[in-house]
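In full-length UniProt numbering, the protein residues as written are 1 to 547.
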């Protein structure tokens with residue numbers, strides 16, 4: 001389904017045993033492995049002849065590793081050791097860590113090392129330490145038998161289907177995307193976008209296919225306790241998570257008839273559940289918010305939420321530097337027109353404000369708090385009028401702030417009235433239920449449908465003990481109401497030992513391509529070591545859902 005500025009999401013609730021301590025131990029050890037892996041890569045890149053740099057890098061890494069392993073020994077407490085198996089494995093890990101720490105001390109203070117061999121010995125030692133810690137991380141997950149896992153969460157399975165058939169899949173360990181309030185215990189890919197190669201579903205596919213894998217997907221995943229969803233929302237800011245309830249209206253006709261039956265069925269996508277009652281009342285635990293709209297399977301969602309009872313007011317907060325501190329000066333529109341402070345808290349009749357005035361992240365062209373600085377009260381005009389960082393001569397600063405305004409007498413639109421207003425439009429057609437739907441009607445089409453959606457919000461006053469009951473799973477989207485514009489800068493200084501395409505001739509330049517645009521440096525003639533000292537600037541780059 002195309003998504004435009006509505007990026008699709010999925011939420012999978014589940015119940016598991018207490019696993020936090022086990023997952024956190026495993027992730028803490030894996031962080032040591034990742035650190036050693038980066039150090040090894042850097043040491044190998046430095047190469048021979050730079051033994052002093054390699055040795056310095058290794059000593060710093062080993063000291064950091066000692067601190068991490070020592071902290072790991074202090075991590076386990078009575079609450080995280082759930083059973084005798086946990087206690088037994090903790091004793092084994094403690095013995096292994098003590099052995100590793102002793103070996104590190106022996107290597108650091110060994111006076112027999114020759115400077116000429118130091119680089120090679122350091123790389124070998126770091127590799128051995130990485131192998132030790134990697135096995136320690138694996139032992140943190142192994143239970144009585146190697147086929148069982150102490151961390152008994154199932155894999156996250158991502159499947160790719162075509163015409164109802166699985167054509168590719170991927171398995172992601174839950175520990176890799178686990179969230180902890182302590183970043184050292186969180187998974188490596190928690191809340192991070194990653195590229196994952198999908199696998200062929202059968203052995204026959206792997207042998208017969210020319211391609212090594214069916215596709216690469218880019219996903220952002222998060223696994224954690226209910227109540228910690230604020231962390232997930234932080235990772236997708238400034239977008240918002242919104243839920244939509246959908247009802248499919250189906251009509252059919254016989255193969256020899258040209259007229260569609262007047263009877264309309266209101267069901268889920270596959271027609272397995274009747275949803276007629278939800279055209280007038282919302283499902284248990286949810287409230288309707290907004291109006292019904294038709295969003296068919298091929299519609300590109302590039303719009304703000306339809307029929308929302310809220311909107312955002314935006315203005316600019318200006319401050320002046322007086323007596324060695326920033327003090328509020330006034331509130332203005334973009335071009336400096338002053339706004340009365342009384343209107344900041346008293347909206348027009350029929351509306352009320354929700355929440356407080358907060359910085360608008362989409363209008364953040366300044367520092368981390370959104371401030372831009374200037375020597376006067378003029379913040380618009382030619383380029384260079386404002387700065388993102390403060391200097392001594394800056395006397396004024398401003399930032400964009402926003403606040404949500406809600407209509408008091410908002411009423412949801414009646415489903416029947418909206419459907420009647422559509423007439424005979426906005427249908428999509430197919431030859432049968434399991435065939436792809438399309439917009440244009442053909443004589444062989446025997447089924448047509450509309451996909452009605454409305455935004456829903458979870459009720460806050462549910463009876464105690466029923467807060468987590470879900471009688472349906474809504475469609476979730478990461479909604480970007482505003483599209484930010486970006487600037488891409490690429491600086492090129494020089495290149496070394498370029499090989500000419502044609503003998504005794506060389507024309508060197510650099511071309512950068514991003515999305516649908518490309519820029520190129522000046523061409524340097526007859527030079528194997530060309531110098532450009534040039535910056536390529538892509539102005540006003542638009543990336544939907546990029547922040």
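Cβ atoms here follow ideal geometry from the backbone N, Cα and C, with glycine treated the same way.
**Study point:** Same chain, Cβ closer than 8 Å to residue 511, neighbours up to 5 away in sequence not counted
**Key:** 518, 519, 520 and 521
Practice item. Report all residues from its chain with a CB closer than 7 Å to the CB of residue 96; omit the five preceding and five following residues, and keep chain order. Key: Cβ within range, chain order: 136.
**Study point:** Cβ-Cβ distance between residue 388 and residue 366 below 7 Å
**Key:** yes
**Study point:** Through-space distance from residue 221 to residue 236, alpha-carbon basis
**Key:** 11 Å
Review point. Where are the alpha helix (DSSP H) runs, 4 residues long or more, that stay fully inside the segment 385-448, in chain order?
Key: 415-422
Check your understanding: For residue 175 versus residue 26, is the C-beta spacing smaller than 7 Å?
Key -> yes
Check your understanding: Are the beta-carbon atoms belonging to residue 548 and residue 353 less than 7 Å from one another?
Key -> Outside the shown range of the chain (1 to 547) lies residue 548, about which nothing can therefore be said.
Review point. Between residue 229 and residue 182, what straight-line distance do the alpha-carbon atoms span, to the nearest angstrom?
Key: So the alpha carbons of these two residues sit roughly 15 Å apart.
Practice item. Would you mind stating whether residue 231 and residue 185 have Cβ atoms separated by less than 7 Å? Key: no
Check your understanding: In terms of alpha-carbon separation, which member of 226, 419 and 217 lies closest to residue 266?
Key -> 419
Point to revise | Bounding residues of the alpha helix (DSSP H) (the contiguous stretch that carries residue 206) | key: 203-208
Exercise for review: Would you kindly check if the distance between the Cβ of residue 133 and the Cβ of residue 219 is under 7 Å?
Suggested key: no
Point to revise | Top-ranked residue by Cα proximity to residue 447, from 122, 98, 202 and 250 | key: 250
Exercise for review: With DSSP collapsed to three states, give me the class of residue 334.
Suggested key: coil
Exercise for review: Quick one: residues in its chain with C-beta nearer than 6 Å to the C-beta of residue 240, no 5 flanking neighbours on either side, listed in chain order?
Suggested key: 479
**Study point:** First through last residue of the beta strand (DSSP E) which encompasses residue 265
**Key:** 265-267
Exercise for review: Would you mind reading off the limits of the alpha helix (DSSP H) that contains residue 21?
Suggested key: 20-46
**Study point:** Residue nearest to residue 210 in terms of C-alpha spacing, selected from 200, 217 and 253
**Key:** 200
Check your understanding: Between the C-alpha atoms of residue 339 and residue 401, what's the straight-line distance to the nearest angstrom?
Key -> 13 Å
Practice item. With a 10 Å radius around its C-beta and 16 neighbouring C-beta atoms as the bar for buried, classify residue 40 as buried or exposed. Key: buried
**Study point:** residue 240 - containing beta strand (DSSP E), residue span
**Key:** From DSSP, the beta strand (DSSP E) with residue 240 extends over 240-252.
Check your understanding: Quick one: is residue 379 buried, meaning 16 or more other Cβ sit within 10 Å of its Cβ, or exposed?
Key -> buried
Exercise for review: Following the continuous alpha helix (DSSP H) through residue 356, name the residue where it begins and the one where it ends.
Suggested key: In the DSSP assignment, residue 356 falls outside any alpha helix (DSSP H) and within the unbroken beta strand (DSSP E) covering 351-359.
Check your understanding: In whole angstroms, what separates the C-alpha of residue 13 from that of residue 28?
Key -> 25 Å
Exercise for review: Give me the Cα-Cα distance between residue 440 and residue 450, rounded to the nearest whole angstrom.
Suggested key: 13 Å
Exercise for review: Quick one: using the 10 Å Cβ neighbour count with 16 as the cut-off for buried, is residue 61 buried or exposed?
Suggested key: buried
**Study point:** Nearest neighbour of residue 537, chosen from 528, 514 and 216 [CA to CA]
**Key:** Nearest of 528, 514 and 216 to residue 537, Cα basis: 514.
Practice item. Pull up the distance between the alpha-carbon of residue 368 and that of residue 506, whole angstroms please. Key: 45 Å
**Study point:** Close-in-space but distant-in-sequence residues of the same chain around residue 539 (CB under 8 Å, 5 per side omitted)
**Key:** 487
Point to revise | Opposing strand residues paired with residue 161 [DSSP bridges] | key: 166
Review point. Assuming residue 344 contacts residue 331 under a Cβ cut-off of 8 Å, what Cβ separation, rounded to an integer in Å, is found between them?
Key: The pair is a contact, with the Cβ atoms about 7 Å apart (cut-off 8 Å).
Check your understanding: In this structure, does DSSP put residue 375 in helix, strand or coil?
Key -> Assigned with DSSP and collapsed to three states, residue 375 falls in coil, not helix or strand.
Practice item. Pull up the distance between the alpha-carbon of residue 282 and that of residue 288, whole angstroms please. Key: 6 Å
Review point. Looking only at its own chain, which residues have a Cβ that is under 7 Å from the Cβ of residue 385, when we skip the five neighbours before and after it?
Key: 374, 378 and 379
Check your understanding: Shortest alpha-carbon distance to residue 125 belongs to which of 202, 298, 36 and 477?
Key -> For the residues 202, 298, 36 and 477, the minimum Cα distance to residue 125 belongs to 36.
Review point. What do you reckon, is the C-beta of residue 380 under 6 Å from a heavy atom of the ligand ADP?
Key: By its list of ligands, the structure shown contains no ligand whatsoever, and the ligand ADP lies outside what it can speak to.
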